[in-house]
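What follows is a single structure, written as structure tokens, with notes after it.
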Amino acid sequence: MSHDIDEDFLALPLRILTDAALSRAAALGAEHADVRMMRTRRLMTSVRDGKVENNGADEALAFAVRVVHDGSWGFAASDVLTADEAARLAERAVALAQVSRPLATSPVTLAPNPVQGSHDVPARWVSDYLVDPWTLDDTTRSQPLIEWTAALVAAGVDHADASSDAVRENSYYADLSGTATLQQRLRIEPSLTAVMIDATSGDFDSMTTTAPPTARGWEYMTGDGWDWSAEIAQLPQWLNEKLKAPSVEAGRYDLVIDPSNLWLTIHESVGHATELDRALGYEANYAGTSFATPDKLGTLQYGSAEMSIVGDRLTPHGLSTVGWDDEGVSAQRWDIVRNGVLVDYQLDRAMAGNSGVSSNGCAYADSGLHVPIQRMPNVSLEADPLGGTTDDLIAGVDNGLYVVGDKSWSIDMQRYNFQFTGQRFFRIRNGRLEGQVRDVAYQSNTLTFWNSLAARGGPSTYVLGGAFNCGKGQPGQVAAVSHGAPSALFRDVNILNTVAEAGR
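In the numbering used here, the protein residues as written are 5 to 508.
Here's what the structure looks like:
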């Protein structure tokens with residue numbers, strides 16, 4: 005179904021604000037100036053054991069003016085949508101650039117970018133969805149969650165919690181070069197968690213569905229893109245088995261990792277590690293640095309020849325998929341790691357300009373009140389075009405574990421040493437699954453782990469995972485990002501028993 009930009013967003017004084025801000029910035033000598041308007045609407049519903057606990061909604065709307073003046077950045081933002089305010093923001097942004105100029109170690113250089121659209125006729129892009137959640141009432145939006153949790157309780161779990169979080173972003177961008185873009189993005193994150201208590205021992209555990217958040221509409225809640233009925237039907241049995249499962253014996257195992265777990269390992273050990281601002285030390289004061297520094301570009305053996313990682317902002321239903329980034333750069337696809345070798349980074353226009361290359365469109369701000377920074381695209385491990393099924397990978401393992409679903413994780417400030425747990429760990433012996441084990445974490449470092457990648461599943465195993473809540477920057481910003489992966493086989497990975505490690 006084809007959708008267009010919301011009429012009430014188009015009715016905002018976008019051209020008036022643009023003309024007032026950009027003309028004032030140009031008059032004050034700005035080499036670059038842009039205006040960005042963003043509106044974010046959110047719908048949140050939560051249900052526990054078949055009963056609605058919350059139906060909520062919120063909205064935020066603001067716009068910003070950003071300039072480069074005498075080689076320095078300036079930025080100002082407001083929620084007052086008038087021409088006078090737009091001109092005042094331009095003046096304030098230029099003043100801040102002038103104040104900060106003596107502190108700059110090098111002038112800002114923006115990579116060139118072709119003009120997109122025009123101030124008279126902005127280019128438009130709308131994400132791919134069928135059913136707009138804002139067209140549904142609270143009762144309709146609560147119904148799937150009520151049914152899911154009631155079904156789980158009826159099947160024997162002690163408690164079941166479900167929620168949905170729907171977000172719609174409208175954004176407008178225009179700059180002195182003549183670019184102007186309008187976008188509308190819709191995404192949704194359902195979650196369903198079951199809790200079971202062992203009546204004999206009093207032990208309890210929980211398990212969450214592995215359905216990823218996605219850039220779709222309400223149709224996702226009713227089975228378009230995920231088989232909710234199948235997973236919900238199996239969840240009580242999996243959880244009951246997990247409660248009774250033996251504790252894992254620590255040691256070294258081959259791992260077959262499901263996309264529902266591997267997406268997070270990609271995010272932490274590849275996605276953040278290949279952000280150029282982090283690799284250059286820009287994030288060192290807050291979020292850390294990266295072992296994958298620019299001197300290693302083109303030579304670092306990040307992983308085995310089986311490892312090819314792409315960045316893109318084009319994948320259908322990807323959480324980072326857009327028409328243009330928040331600097332007017334067109335969405336694109338590029339290699340980050342190819343056949344195991346680090347070949348590129350994630351870039352915005354300033355990072356690209358300082359490096360003498362083109363931006364690959366990775367600028368984003370989560371609010372009209374925040375400055376755009378380099379943020380992650382969809383970062384994904386390619387499937388093997390000739391690869392088999394997950395069962396085929398399992399059949400090639402004599403002594404291992406099959407890992408399903410994400411849970412807790414830890415990684416150091418250089419994105420190198422890490423530890424991950426999961427929702428379910430199935431023992432593999434002689435190519436066959438032999439039931440679950442528990443208290444499992446896999447531990448490695450980024451290079452050792454990815455160089456142990458021995459095989460990837462085929463396209464039939466590929467799933468686009470991801471999260472709504474990737475954090476970065478000061479002040480902190482949150483972005484949604486997807487990571488695609490096939491099932492994958494890793495050889496000889498260190499497995500910890502988490503209970504033994506905790507000394508319990």
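A virtual CB, placed ideally from N, CA and C, is assigned to each residue, including glycine.
Report the residue ranges of all alpha helix (DSSP H) runs contained in full by the region 309 to 377; include only those spanning at least 4 residues, in chain order. Within the region 309 to 377, the complete alpha helix (DSSP H) runs of at least 4 residues are 353 to 359.
Could you compute how far the alpha carbon of Tyr406 sits from the alpha carbon of Phe429? As a first step, residue 406 is located in the sequence shown; it is residue number 402 there, counting from the start. As a first step, residue 429 is located in the sequence shown; it is residue number 425 there, counting from the start. The alpha-carbon atoms of Tyr406 and Phe429 are separated by roughly 6 Å.
Out of Phe472, Pro250 and Asp162, state which residue places its alpha-carbon closest to the alpha-carbon of Arg379. Within the sequence shown, the letter at position 375 stands for residue 379. Answer by Cα proximity: Phe472.
Would Glu505 be called buried (16 or more neighbouring beta carbons within 10 Å of its own) or exposed? Position 501 of the sequence shown, counting from 1, holds the residue named residue 505. Exposed, by the Cβ-count rule.
Just list the residues that DSSP pairs Phe494 with in beta bridges. Numbered from 1 along the sequence shown, position 490 holds the residue referred to as residue 494. For Phe494, which the question treats as bridged, DSSP gives the partners Leu259 and Leu457.
Tell me the DSSP secondary structure of Gln241 in three-state form. Locating residue 241 in the sequence shown gives position 237, where the first residue counts as 1. Here Gln241 sits in helix by DSSP.
DSSP on Met225, reduced to helix/strand/coil? Residue numbering aside, residue 225 sits at position 221 when the sequence shown is read from its first letter. Correct three-state label for Met225: helix.
Could you tell me if Pro320 is buried or exposed, where buried requires 16 or more neighbouring beta carbons within 10 angstroms of its beta carbon? Position 316 of the sequence shown, counting from 1, holds the residue named residue 320. Exposed is the call here.
Just the C-alpha distance for Pro17 and Val467, rounded to the nearest angstrom, thanks. Along the sequence shown, read from residue 1 onward, the residue named residue 17 stands at position 13. Along the sequence shown, read from residue 1 onward, the residue named residue 467 stands at position 463. Cα-Cα distance, rounded: 41 Å.
By DSSP's criteria, Thr218 is part of a beta bridge. Which residues make up the other side? Taking the sequence shown and counting its residues from 1, the one referred to as residue 218 is at position 214. Ile192, per the DSSP bridge assignment.
Rounded Cβ spacing between Gly182 and Val125 (contact assumed at less than 8 Å): Against the sequence shown, residue 182 aligns to sequence position 178. Against the sequence shown, residue 125 aligns to sequence position 121. At roughly 11 Å, the Cβ-Cβ gap does not stay under 8 Å, so Gly182 and Val125 are not in contact.
Tell me, please, which residues DSSP counts as bridged to Phe472. Looking up residue 472 in the sequence shown gives position 468. Phe472 pairs with nothing; no bridge assigned.
Within its chain, find whatever has a CB closer than 6 Å to the CB of Ser482; leave out the 5 residues flanking it on each side and keep chain order. Sequence index remark: in the sequence shown, residue 482 carries index 478 (1-based). Note that residue 482 corresponds to Val in the displayed sequence, not to Ser. Excluding positions up to five away in sequence, the list reads Asp370, Asn473 and Gly475.
Taking the straight line between their C-alpha atoms, what separation do you get for Gly121 and Arg19? On the sequence shown, position 117 is the one that residue 121 refers to. On the sequence shown, position 15 is the one that residue 19 refers to. In a straight line, the C-alpha of Gly121 is about 13 Å away from that of Arg19.
Identify which residue in Thr502, Ala335, Thr22 and Val497 has its Cα closest to the Cα of Arg442. Walking along the sequence shown from the start, residue 442 turns up at place 438. Per the Cα distances, Thr502.
Identify whether Trp77 lies in helix, strand or coil by the three-state DSSP scheme. What you label residue 77 is simply residue 73 of the sequence shown in a count that begins at 1. Note: Trp77 maps to strand in three-state DSSP.
With the cut-off set at 7 Å, would you say Ser175 and Met355 are in Cβ contact? Translated into positions along the sequence shown, residue 175 becomes position 171. Translated into positions along the sequence shown, residue 355 becomes position 351. In this structure, Met355 does not lie closer than 7 Å to Ser175 by Cβ.
Select from Leu457, Gly292, Leu149 and Gln447 the residue whose C-alpha is nearest the C-alpha of Gly54. By one-based count along the sequence shown, residue 54 stands at place 50. That would be Leu149, whose Cα lies nearest to the Cα of Gly54.
For Arg436, count neighbouring C-beta atoms within 10 Å of its own C-beta (all shown protein chains included) and say buried if the count is 16 or more, exposed if not. Indexing the sequence shown from 1 puts residue 436 at position 432. Residue environment: Arg436 is assigned as exposed (fewer than 16 neighbouring CB atoms within 10 Å of its CB, all protein chains considered).
In its own chain, which residues sit with a C-beta less than 6 Å from the C-beta of Gly275, not counting the 5 before and 5 after it? Translated into the one-based positions of the sequence shown, residue 275 becomes position 271. Cβ neighbours of Gly275 beyond the five flanking positions: Met380 and Val383.
State the start and end residues of the unbroken beta strand (DSSP E) segment that holds Gln147. Within the sequence shown, numbered from 1, the residue matching residue 147 stands at position 143. Element bounds for Gln147: not the beta strand (DSSP E) but the alpha helix (DSSP H), Asp142 to Ala158.
DSSP-derived helix/strand/coil call for Asp207: In the sequence shown, the residue the question calls residue 207 occupies position 203. DSSP places Asp207 in coil when its eight states are reduced to three.
Would you mind listing the alpha helix (DSSP H) stretches within the region 251 to 305 that are 4+ residues and don't spill past its ends, in chain order? 263 to 270 and 280 to 283
Note the first and the last residue of the continuous alpha helix (DSSP H) segment covering Ala15. Taking the first residue of the sequence shown as 1, we reach residue 15 at position 11. Where Ala15 is concerned, there is no enclosing alpha helix (DSSP H), given that its DSSP letter is neither H nor E.
Could you have a look at Pro175 and say whether DSSP puts it in helix, strand or coil? To locate residue 175, count along the sequence shown from 1; it is residue 171. The amino acid at residue 175 is misidentified as Pro; the sequence shows Ser. The answer is strand: DSSP assigns Ser175 an E or B state.
Checking the sheet assignment: what are the DSSP bridge partners for Ser27? Taking the first residue of the sequence shown as position 1, residue 27 is located at position 23. Note: Ser27 sits in no beta bridge, so no partner.
If you draw a straight line from the C-alpha of Asp132 to the C-alpha of Arg220, how long is it? Residue numbering aside, residue 132 sits at position 128 when the sequence shown is read from its first letter. Residue numbering aside, residue 220 sits at position 216 when the sequence shown is read from its first letter. Taking the straight line joining both Cα atoms gives about 6 Å.
Per DSSP, Ser82 is paired with what? Position 78 of the sequence shown holds residue 82. As a beta-bridge residue in DSSP terms, Ser82 pairs with Phe67.
For Ser50, the residue or residues it bridges with in DSSP: Numbered from its first residue, the sequence shown carries residue 50 at position 46. According to DSSP, which records beta bridges pairwise, Ser50 is partnered with Asn58 and Ser167.
Per DSSP, what kind of secondary structure is Ser464 in: helix, strand or coil? Here residue 464 corresponds to residue number 460 of the sequence shown, with the count starting at 1. Helix, per DSSP.
Looking only at its own chain, which residues have a Cβ that is under 7 Å from the Cβ of Val98, when we skip the five neighbours before and after it? Translated into positions along the sequence shown, residue 98 becomes position 94. Ala29, Leu32, Ala34, Val71, His73 and Gly78.
What span of residues does the alpha helix (DSSP H) with Ser110 cover, start to end? As a first step, residue 110 is located in the sequence shown; it is residue number 106 there, counting from the start. Unbroken run through Ser110: none, as it is neither H nor E.
C-alpha gap between Thr113 and Ser168, whole angstroms: Counting from one through the sequence shown, the residue named residue 113 turns up at place 109. Counting from one through the sequence shown, the residue named residue 168 turns up at place 164. About 42 Å.
Three-state secondary structure assigned by DSSP to Glu235: Start at 1 with the first residue of the sequence shown, and residue 235 comes out as number 231. Three-state DSSP puts Glu235 in a helix.
Leaving out five residues on either side along the sequence, give the residues of the same chain with a beta carbon under 7 Å from the beta carbon of Asp209. Numbered from 1 along the sequence shown, position 205 holds the residue referred to as residue 209. Cβ within range, chain order: Met200, Leu243, Lys246 and Leu247.
Per-residue DSSP class, three states only, for Ser412: The residue given as residue 412 occupies position 408 in the sequence shown. The answer is strand: DSSP assigns Ser412 an E or B state.
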